[in-house]
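*Asks:*
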Amino acid sequence: MGETSRVQQSDTLRRTRNFCCGLFSVLLFLAISAVSLSAADEGERLFEQKCGKCHGIGKSRSKAMTEKEWRSTVLRMIGNGADISRDDTEKIIAYLAKNHPRK
Ligand code: HEC
50 MGETSRVQQS
60 DTLRRTRNFC
70 CGLFSVLLFL
80 AISAVSLSAA
90 DEGERLFEQK
100 CGKCHGIGKS
110 RSKAMTEKEW
120 RSTVLRMIGN
130 GADISRDDTE
140 KIIAYLAKNH
150 PRK
């Protein structure tokens with residue numbers, strides 16, 4: 050009897066482990082998706098917050114530029130007096146380059 054129950058036990062253990070492993074992968078995937086999603090949202094939020102102060106954001110929305118061009122535009126805005134941290138600058142450039150690329 051001892052033999053059978055030990056086999057059963059290890060089988061249950063393995064199944065439990067597989068289940069936990071699967072669950073963990075799903076949770077990890079969800080966490081990563083949530084982080085990358087919120088990073089993208091943040092670029093948009095920062096853009097709307099920081100780039101609509103002196104002129105409307107429509108000025109930028111109507112443009113289509115490469116990342117390099119967006120970079121020089123955003124840096125010029127900082128020269129114009131925009132108060133944007135280095136970190137936020139990168140997020141805004143990434144957002145604009147992705148969502149308003151030159152066609
Ligand atoms: C401190 C005020 C200020 C802020 C904040 C500001 N801008 Fe500007 N923006 C200006 C001024 C002044 C001009 C016109 C002179 C120029 O083009 O540099 C302008 C012009 C522009 C233009 C038109 C350029 C062209 O070639 O016609 C775009 C696009 C633009 N801004 C995008 C942005 C973006 C993107 C942000 C956020 C990162 C931003 N602006 C934030 C002052 C600002």
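Residue numbers for the sequence shown follow the working numbering, beginning at 50 and rising by one. No residue lacks a Cβ here, since even glycine has one placed at the ideal position from N, Cα and C.
Could you check where the alpha helix (DSSP H) with I142 kicks off and where it finishes?
*Replies:* The residue labelled residue 142 in the question sits at position 93 within the sequence shown. Looking at the DSSP string, the run of the alpha helix (DSSP H) that includes I142 is R135 to N148.
*Asks:* Return yes when the Cβ of D137 is within less than 8 Å of the Cβ of L95, no when it is not.
*Replies:* Your numbering for residue 95 matches position 46 in the sequence shown. Your numbering for residue 137 matches position 88 in the sequence shown. Contact flag set, yes.
*Asks:* Less than 8 Å separating the beta-carbons of G106 and V123?
*Replies:* As a working note, residue 106 is residue 57 in the sequence shown. As a working note, residue 123 is residue 74 in the sequence shown. Note that residue 106 is Ile in the sequence shown here, rather than Gly. No. Outside cutoff.
*Asks:* Any contact between the region 107 to 123 and the region 143 to 151? By contact I mean 3 or more CB pairs, one from each, below 8 Å.
*Replies:* Yes: the two stretches touch, three or more of their Cβ pairs being nearer than 8 Å.
*Asks:* Just mark G71 as buried or exposed, buried being the case when its beta carbon has 16 or more other beta carbons within 10 Å.
*Replies:* In the sequence shown, the residue the question calls residue 71 occupies position 22. It counts as exposed.
*Asks:* Note the first and the last residue of the continuous alpha helix (DSSP H) segment covering K117.
*Replies:* Your numbering for residue 117 matches position 68 in the sequence shown. First-last of the alpha helix (DSSP H) with K117: E116 to N129.
*Asks:* By the three-class DSSP mapping on this structure, what secondary structure does D60 have?
*Replies:* By 1-based counting over the sequence shown, the position of residue 60 is 11. Helix, per DSSP.
*Asks:* Would the beta-carbon of H149 be found less than 7 Å away from any heavy atom of ligand 3?
*Replies:* This structure lacks ligand 3; its bound ligands are ligand 1.
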